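Trainee:
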Amino acid sequence: MAYVAVKGGEQAIQNAEALLKAMRRGDPEVPELSLEQIKQQMALAIARVMSEGSLYDPDLAALAIKQSWGDLVEAIFLLRAYRTTLPRLYYSQPIDTSQMRLHRRISSIFKDVPGGQRLGATYDYIHRLLDFKLAAENNTFVAPETEVNPESVPRVIDTLGREGLIQEEKVNGQGAGVNGQRSMVNGQWSMVNGQSLGVDEQGLAADAQNMASESQNTVAQSSTIDDEPLTINDEPLTINDEPLTINDEPLTINDEPLTINDQPFDLTRQPLQIPAGRDARLQNLTRADEGFLLSMAYSTQRGYGKNHPFAGEIRVGEVEVVICPEELGFEVAIADITVTEVQMVNQFKGSKELPPQFTRGYGLTFGYNERKAMAMALVDRSLRAKEFGEEIVGPAQDEEFVLYHSDNVEAQGFVQHLKLPHYIDFQAELNLVRKMRQEYEESQKSVVSRQSSMVDSQPSMVNRQSSMVNRQSSMVDGQSSMVNGQSSVVAGQASEEVTR
C-alpha cells in the first residue's frame, strides 16, 4: 500500500513521558527550580496562570508552571483541570475594590487625583534594554521606602459621576454594589474552596459580576425595602421560586410569565449562549487568553470599532475575601488576594435615549496583570456597541466571534488535537482524492481524444480547400481565355473598319 497507519504502543508512550520529564529537569548539575523561586521571581506568570486558570492559588500556579515546562497555556490547562476537582464549600461576597490596599494606582485623565498617583512597580518608565547585571547571581535590590498607604482612596470615576458626565452602571439583583462595593443582600457568589483558598473569579467584584444580563429583568430576592413590602399597583409583591405573582396571580409580560433571575450567570456551570449578558461576557473575558484580548483591543484603536479610550483608573492591590456562613450569620474574612482593576473611559456622542456622556469598560484579573485587565476593559466596552446603538463594524464588536474564540484551553485543544491519530479520517479523504484524480485523468483523456480526431480530420479539409483553389484557378483561366477571345473580336472589327 502507498499509505499505511503508523503503529505505536504503550511502551512508546511511557518512553515519551519519561523523556519529557528528563528534558524538563534539564542538566542535573544545575540546581532545580523550587516552587518558592517560581512564585517569588515569576509573579507575572503566576498572575496570568491564576487568572486564566480561574483559581487563585500561587502555590498551585507555580506547580503548574514547573510541570508544564514553562508553557503558560499548558499551565493554565493544568490549573483549570485541577479546579474542577475542588468542592464548593462556601460562596463569598463580592469583593469591595473601593477598599483596596493599593500597591499601584494611576489615572491618565487627571493629573491630580484624590489620593494621588501611585506609580508602584512598573516597566512603563524604563528603557527596554537588556540588563546584563542580572546574568550574575546573588543580585540584591533594595526597595525604596514608601509612605504608608491609606485604607481606601476615592475613585477617579466618581469625579465624573458627580457631574453626571459618565453613564451610571445598571446594577440589579442581589449583592448589588456600585463600582465593586460589597452589599450583603442574601448574596452568595464567588466560590472559596477550603483546601487552598482558591477563589473563583466569578465573584471578584460587583462591576464584573453584578451586571445583570441585558436580556433579562432581574430583581432582588428580598420582597421588602426597609421592612416595607414591595407593591405593584398597590398590591403586595409575592416572590416565588419560579413565576412572580400578585395575590397568587402570575405577572406576565407579552403573555409570558415574569420570572426571577437573582443570581449572576455562572460560566463554570452554564453553557455560554449568544447573545450573552454583560455578566457572562465579563466572566468569559477574565478567563480569556491575554494575547487574544490584546489583539482585539489593539484592533479597536486602529479603527475597527471606533474606540477612543482613556485609562480612567488602574488599581493594583489587595482586597479581602469575605464569606457569611449560614451557621454564623455574620461576615468572616478568610483571605487577602491581589487583583488588578481597570476602568477605561470612552466618549459617547449620545442617542435618542441617552445624552452625550462618557461610557466605561471594565477589566478585573487576579494578581498584577495590567495589560490583560486593560485589554479586557477595552473589549468589554467594544462589546457594548449594540447597547449604545453603535454600528458593529469591527471583529472586537462581534460578540460571538470574541467570546467563542477567546478561551486558550479550548483553542489549544482544537488546534493540538490535530497531532493525534487521524488514520481513518485521512484514509477516507485519501480514497476520495484518488477517485477524484482518476475521474479527472479520464476526463482529460477524453478531451485529448476529441482533439486528436479533430487533428486527423484536418488533412481532408486541406485537400478540399486545395481542390477548391484549383477550381477557382481553372475558372480564372477560362475567364482569361474569354477576355482574349473578346480582344481578338475587337481587333477583327477594327481591321474591317480600316479596310473600308
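Just so it is clear: in the sequence shown, position 473 is 1033 by the working numbering, and no numbers are missing.
Ideal placement from N, C-alpha and C gives every residue a C-beta, glycine not left out.
Since the structure is predicted, the reported quantities are computational estimates derived from the model, not experimental observations.
Please determine, among Q1025, Y1000, P831 and L938, the residue with the shortest C-alpha to C-alpha distance to A857.
Mentor: Of the candidates Q1025, Y1000, P831 and L938, the one whose C-alpha sits nearest the C-alpha of A857 is L938.
Trainee: When DSSP labels each residue in this structure, what does H663 get in the three-state scheme?
Mentor: Three-state result, H663: strand.
Trainee: On the three-state DSSP scale, how would you describe S855?
Mentor: S855 falls in the helix class under three-state DSSP.
Trainee: Could you tell me the alpha carbon to alpha carbon distance between M602 and Y683, rounded to whole angstroms?
Mentor: Roughly 15 Å separates the two Cα atoms.
Trainee: Give the range of the alpha helix (DSSP H) segment to which F908 is assigned.
Mentor: Element bounds for F908: not the alpha helix (DSSP H) but the beta strand (DSSP E), V892 to F908.
Trainee: What are the boundary residues of the beta strand (DSSP E) that includes Q917?
Mentor: Residues Q917 to F926.
Trainee: Could you compute how far the alpha carbon of G1118 sits from the alpha carbon of G863?
Mentor: Because the chain in this structure spans residues 561 to 1060, residue 1118 falls outside the shown range and cannot be described.
Trainee: Could you check whether I598 and K626 sit closer than 8 Å to each other, using their CB atoms as the reference points?
Mentor: Closer than 8 Å, so yes.
Trainee: Within its chain, find whatever has a CB closer than 8 Å to the CB of F908; leave out the 5 residues flanking it on each side and keep chain order.
Mentor: Here the set comprises Q727, L914, P916, Q917, F918, T919 and F948.
Trainee: Using only alpha-carbon positions, find the residue among S594, G973 and R875 that is nearest to R678.
Mentor: Closest option to R678, Cα to Cα, is R875.
Trainee: Take the Cβ of L992 as the centre, count every other Cβ of all protein chains shown within 10 Å, and call the residue buried at 16 or more, exposed below.
Mentor: L992 should be labelled exposed.
Trainee: Y685: buried (16+ other C-beta within 10 angstroms of its C-beta) or exposed?
Mentor: Looking at its Cβ environment, which holds fewer than 16 other Cβ atoms inside 10 Å, Y685 is exposed.
Trainee: According to the neighbour-count rule (16 or more other Cβ atoms, all chains shown, within 10 Å of its Cβ), is A695 buried or exposed?
Mentor: Its Cβ having fewer than 16 others within 10 Å, A695 is exposed.
Trainee: Is it a yes or a no for the stretch 874-891 touching the stretch 650-669, going by three-plus beta-carbon pairs under 8 Å?
Mentor: Taking 8 Å as the limit for Cβ pairs, the verdict is that the stretch 650-669 does touch the stretch 874-891.
Trainee: E577 by DSSP, collapsed to three states: which one?
Mentor: The answer is helix: DSSP assigns E577 an H, G or I state.
Trainee: Can you list the beta strand (DSSP E) stretches of 3 or more residues lying completely in the stretch 646-722, in chain order?
Mentor: Within the stretch 646-722, the complete beta strand (DSSP E) runs of at least 3 residues are 650-652 and 661-666.
Trainee: One question on the structure: do T828 and T925 come within less than 8 Å of each other, judged by their Cβ atoms?
Mentor: No, the pair does not count as a contact, with Cβ atoms beyond the cut-off.
Trainee: Taking just the CA atoms, how far does F974 sit from E577?
Mentor: Whole-angstrom Cα-Cα distance: 22 Å.
Trainee: On a Cα-Cα basis, can you pick out the residue from E960, E887 and L978 that is closest to N844?
Mentor: Considering only alpha carbons, the answer is E960.
Trainee: For M1042, which three-state DSSP category applies?
Mentor: Of the three classes helix, strand and coil, the one that applies to M1042 here is helix, per DSSP.
Trainee: Where does I726 fall in DSSP's three states?
Mentor: It is a strand residue.
Trainee: With distances taken Cα to Cα, identify the nearest neighbour of I573 among L980, V1007, D718 and I894.
Mentor: The shortest C-alpha separation from I573 is found at L980.
Trainee: From this set, N906, D958 and L842, which residue's C-alpha is nearest L720's C-alpha?
Mentor: Per the Cα distances, N906.
Trainee: According to the neighbour-count rule (16 or more other Cβ atoms, all chains shown, within 10 Å of its Cβ), is D849 buried or exposed?
Mentor: By the 10 Å Cβ count, D849 comes out buried.
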